[in-house]
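Just so you know, we're using the working numbering here: the sequence shown kicks off at 1405 and counts up by one. Every residue gets a Cβ at the ideal spot worked out from N, C-alpha and C, and that includes glycine. This one's a predicted model, so the numbers in the text were calculated from it and none came from an experiment. Beneath this line is the structure, given in structure tokens, with notes to follow.
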Amino acid sequence: MISTGATKPKKDAMSSIMEDLVKELHRLEEGISVLLTSDDSNNLEQLIRIFLIGCVCDKPATSLVLNHVECTGFFGCIYCTMRGKSIEVRNTIIRSFVYDPNEKVILRSNKNYDDAIEFINNDYKLTNSTKISKAAAKEYLQGVKGPCLLRQLKYFNIYTSFLCDTLHNLYLGVMGKMLKLFLSKRSIIEGISAAMSIHKQIDNLAEIVNSISYPSTTYRQPRDIHLFKKFKANELRMILLFGYS
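Structure (structure tokens):
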């Protein structure tokens, strides 16, 4: 299925797209007849069933398809129920997901997803209980905004069937953060200590990085390491994958 539009689809548009997509996936689960040919003319017609077991999206699209709070919001992680904290950095507020041993964090599963949807369908009421406040409902739902149609599929597991988005999580996320911690100047505001920073050796590091040989198929070679704050995901990817060679 291919969809086109002037802008990225919003929630209602995505819901319509997903309805059609899930219908097609249901047909594949029911099975399609395939004629298997052979050299001895003993052709065999067989019913082939196809099941969706995984989905790959970037982080914004994952939230949209999953009908979940965006990754920058409270309970934005789609793999666990960590709430996250708001931290003021300079003139802005960022969401931080730092592990707190005192916080009860569980891995997400079909079970806790189904419980959340049952709560929504029950008009935001717990079993044998009155309707709770909007703030309390958000805490109970832990990021779930509504139903994800892919839950209707036989072998599709909500959350765990969504594969890791390496572009945002690994390259722009972990690798970008590591370079910032290692190569930036010491900063109390940004939490960069003298033990973390190798900023004074960045010229030596630049010589090493510039000597890396990348595959001939590389379409975006990393720029000078002094420009690490402007690196795109593919530049970070190339340094991560080939920087140890």
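Can you tell me whether residue i is buried or exposed? The criterion is at least 16 other CB atoms within 10 Å of its CB, across all chains shown.
i	result
residue 1430	exposed
residue 1505	exposed
residue 1580	buried
Determine the direct distance from the alpha carbon of residue j to that of residue i, and round the result to whole angstroms.
i	j	result
residue 1567	residue 1474	16 angstroms
residue 1556	residue 1427	10 angstroms
residue 1421	residue 1609	48 angstroms
residue 1522	residue 1530	9 angstroms
residue 1449	residue 1435	12 angstroms
residue 1489	residue 1539	16 angstroms
residue 1602	residue 1585	9 angstroms
residue 1441	residue 1459	32 angstroms
residue 1528	residue 1541	7 angstroms
residue 1509	residue 1499	17 angstroms
residue 1462	residue 1439	37 angstroms
Using DSSP with H/G/I as helix, E/B as strand and the rest coil, what is residue i?
i	result
residue 1641	helix
residue 1625	coil
residue 1474	coil
residue 1507	coil
residue 1496	strand
residue 1523	helix
residue 1378	Nothing about residue 1378 can be reported from this structure: the residues present for the chain run from 1405 to 1649 only.
residue 1426	helix
Just checking my contact of residue i with residue j at CB under 8 angstroms: how many whole Å lie between their CB atoms?
i	j	result
residue 1453	residue 1433	6 angstroms
residue 1455	residue 1558	6 angstroms
How about the region 1565-1579 and the region 1510-1518: do they share at least three Cβ pairs that are nearer than 8 angstroms?
-> The region 1565-1579 vs the region 1510-1518: no contact.
Can at least three beta-carbon pairs, one atom from the region 1506-1513 and one from the region 1545-1564, be found at a separation below 8 angstroms?
-> Taking a contact to require three or more Cβ pairs closer than 8 angstroms, the region 1506-1513 and the region 1545-1564 qualify as touching.
Does the region 1632-1645 come close enough to the region 1571-1581 to have 3 or more Cβ pairs within less than 8 angstroms?
-> Using a C-beta cut-off of 8 angstroms, the region 1632-1645 makes contact with the region 1571-1581, since at least three inter-stretch Cβ pairs fall below that distance.
Cβ pair count under 8 angstroms reaching 3, the region 1537-1553 against the region 1472-1488 = Yes, they touch.
Report yes or no: do the region 1456-1471 and the region 1486-1503 share at least 3 C-beta pairs separated by less than 8 angstroms?
-> The region 1456-1471 vs the region 1486-1503: no contact.
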